[in-house]
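Residue numbers for the sequence shown follow this note's numbering, beginning at 1 and rising by one.
No residue lacks a Cβ here, since even glycine has one placed at the ideal position from N, Cα and C.
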Amino acid sequence: SLLLEPASTNLITYSEDFSQSAWTKSNTTITSNSVISPDGSLNGVKISASAAFAQIQQTYTSINDADYTLSLFAKLPSSNVVGLRLASGSNDVRREFNLSTLSIQSMGGNNQELIDEGIENYGNGWYRIFLTCKADGTSAFLNIYPKNSSDATLQSVFIFGAQLEQSYPTSYIPTNGASQTRTIETCNDAGAASTFNSTEGVLYFESSALALVGGDSRISLSDGTLNNRISFAYSPTASKGYIIVKINGVSVINNLNVEIGNHLDIKKIAISYKSGDTKVFLNGVELSIASSVSFSGGVLNDLSFESANSSVKFYGNCKDIRVYNEALTDL
């Protein structure tokens with residue numbers, strides 16, 4: 001799919017080389033180049049516990065009340081559990097990720113500012129785990145445990161690609177000695193304005209949103225104004241989306257709420273429009289019919305991964321997007 005993401009910075013200076021002094025080790029042995037990592041190279045690291053309370057740690061300076069996400073690729077040689085911890089001020093979030101049962105539970109800590117957590121399967125035994133929480137001060141640190149931190153059993157885990165970012169989890173940004181920033185991603189040149197038919201057509205797309213912390217995410221067919229637009233938005237409420245169709249300042253569909261379930265799953269949306277017959281479909285099921293407004297030519301000529309007035313961007317995965325220049329039948 002086409003992945004469009006906002007700018008983000010990996011604050012961890014050595015995301016793959018855990019032998020560096022930037023990582024403080026306690027009761028652990030680091031074995032570099034131990035396994036093929038998710039990038040296809042022999043650069044996965046084995047971290048082994050030599051005693052109870054095994055961990056590696058790194059400090060950073062946080063912004064009070066900002067959201068931070070710690071993510072890591074992990075694979076099991078002997079331990080079923082990988083632990084992550086984010087701490088700042090009085091905030092201390094510790095979570096245990098079981099890669100055998102794909103479950104998550106507390107490892108202690110107060111967990112007062114836990115925002116999100118997850119496990120994503122990357123194939124070949126690798127999982128990306130993440131923890132998002134709100135900072136409660138400026139002095140902060142993160143920990144990675146090769147097991148439950150209080151378990152006396154000596155175990156090990158393969159790891160790769162540690163990332164700390166001031167946002168929800170985004171795609172991996174490798175570092176080697178300094179933090180690295182990925183710039184905002186855009187998509188241009190969808191076609192000429194003459195491609196589009198403003199009197200009838202279909203806007204169709206298959207997409208999913210990224211984490212929706214802080215706002216929504218939009219796709220629009222418009223003339224660059226809010227008066228002429230066909231727009232879909234993933235709501236900040238994760239299970240909802242909404243649709244707006246407006247022509248010459250007249251609302252055809254006004255904030256139609258759509259129950260989309262998990263916003264991380266790909267959904268198929270079709271908005272068919274023509275004078276007297278506008279319809280919305282979610283995964284092939286018709287949701288709404290509006291039949292009283294006429295569509296005029298020359299007012300829908302720009303397909304954008306953003307709102308009609310460019311104020312809100314689309315951040316997510318788009319598997320397919322099309323504009324048909326005629327209203328297709330329901331069959």
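**Asked** Taking the alpha-carbon positions, what's the Lys240 to Arg218 distance?
**Response** 13 angstroms
**Asked** For Thr329, does the three-state DSSP call read helix, strand or coil?
**Response** coil
**Asked** Since Phe160 is in the beta strand (DSSP E), which residue starts that stretch and which ends it?
**Response** Segment Ser156 to Glu165, the beta strand (DSSP E) holding Phe160.
**Item:** For Val258 and Thr278, the rounded distance between their alpha carbons
**Value:** 16 angstroms
**Prompt:** If you run the structure through DSSP and keep just helix, strand and coil, what is Ser195?
**Reply:** Rather than Ser, the amino acid found at residue 195 in this sequence is Thr. Thr195: helix per DSSP, three-state reduction.
**Prompt:** First and last residue of the beta strand (DSSP E) that includes Glu286?
**Reply:** Val285 to Ala290
**Prompt:** Looking at C-beta atoms only, is the number of pairs between the segment 14-26 and the segment 115-124 that lie closer than 8 angstroms three or more?
**Reply:** no
**Request:** Could you check the C-alpha separation between Ser272 and Leu4 for me, to the nearest Å?
**Result:** Roughly 25 angstroms between the two C-alpha positions.
**Prompt:** Helix or strand or just coil, what does DSSP make of Ala51?
**Reply:** coil
**Asked** Does the Cβ of Ala140 have 16 or more other Cβ atoms within 10 Å, making it buried, or fewer, making it exposed?
**Response** buried
**Request:** Count the other CB atoms, across all protein chains shown, that sit within 10 Å of the CB of Gly44; report buried if there are 16 or more and exposed otherwise.
**Result:** Buried.
**Message:** Using only the alpha-carbon positions, how far apart do Asp67 and Ala87 sit?
**Reply:** 12 angstroms
**Prompt:** For the putative contact between Pro146 and Ala49, defined by C-beta atoms under 8 angstroms, what is the C-beta separation to the nearest angstrom?
**Reply:** 5 angstroms
**Message:** Measuring only the C-alpha atoms, how far is Ser62 from Ala135?
**Reply:** 7 angstroms
**Request:** Out of Asn124, Arg85 and Cys187, state which residue places its alpha-carbon closest to the alpha-carbon of Leu114.
**Result:** Arg85
**Item:** Inter-residue Cα distance where the pair is Ser292 and Ser304
**Value:** 26 angstroms
**Asked** Looking at C-alpha atoms only, which residue of Gly298, Ile269 and Ser294 is the closest neighbour of Glu286?
**Response** Ile269
**Local Cβ density within 10 Å of Leu102, reported as buried at 16 or more and exposed below that** = exposed
**Item:** Per DSSP, cross-strand counterpart(s) of Asp277
**Value:** Bridge partners of Asp277: none, in fact.
**Message:** Using only CA atoms, which one of Gly109, His263, Tyr127 and Gly137 lies nearest to Val93?
**Reply:** Shortest Cα-Cα distance from Val93 to any of Gly109, His263, Tyr127 and Gly137 involves Gly109.
**Message:** Let me make sure I understand the geometry here. Which of Thr13, Thr329, Val323 and Gly316 has the alpha-carbon closest to that of Pro169?
**Reply:** That would be Gly316, whose Cα lies nearest to the Cα of Pro169.
**Asked** Per DSSP, which one or two residues make a beta bridge with Trp126?
**Response** Gly123
**Request:** Measure the CB-CB distance between Thr199 and Phe295 and report whether it falls below 7 angstroms.
**Result:** yes
**Prompt:** Under 7 angstroms between the Cβ atoms of Pro38 and Phe158?
**Reply:** no
**Prompt:** Looking at the structure shown, is Lys25 part of a helix, part of a strand, or coil, going by DSSP?
**Reply:** Secondary structure at Lys25: strand, using DSSP grouped into helix, strand and coil.
**Request:** Name the two residues that bound the continuous beta strand (DSSP E) containing Ser231.
**Result:** Arg229 to Tyr234
**Request:** Give the DSSP-derived three-state secondary structure of Glu306 in the structure shown.
**Result:** strand
**Message:** For Pro174, which residues in the same chain have their Cβ closer than 6 angstroms to its Cβ, ignoring the five residues on either side in sequence?
**Reply:** Ser15
**Prompt:** Cβ of Leu221 less than 7 angstroms from any chain C Cβ?
**Reply:** The question asks about chain C, but that chain is absent: this structure has only one protein chain.
**Prompt:** Mind checking Ile243: buried by the 16 CB within 10 Å criterion, or exposed?
**Reply:** So Ile243 counts as buried.
**Item:** Nearest residue (CA-CA) to Ser8, options Gly83, Thr181, Arg128 and Ser26
**Value:** Thr181
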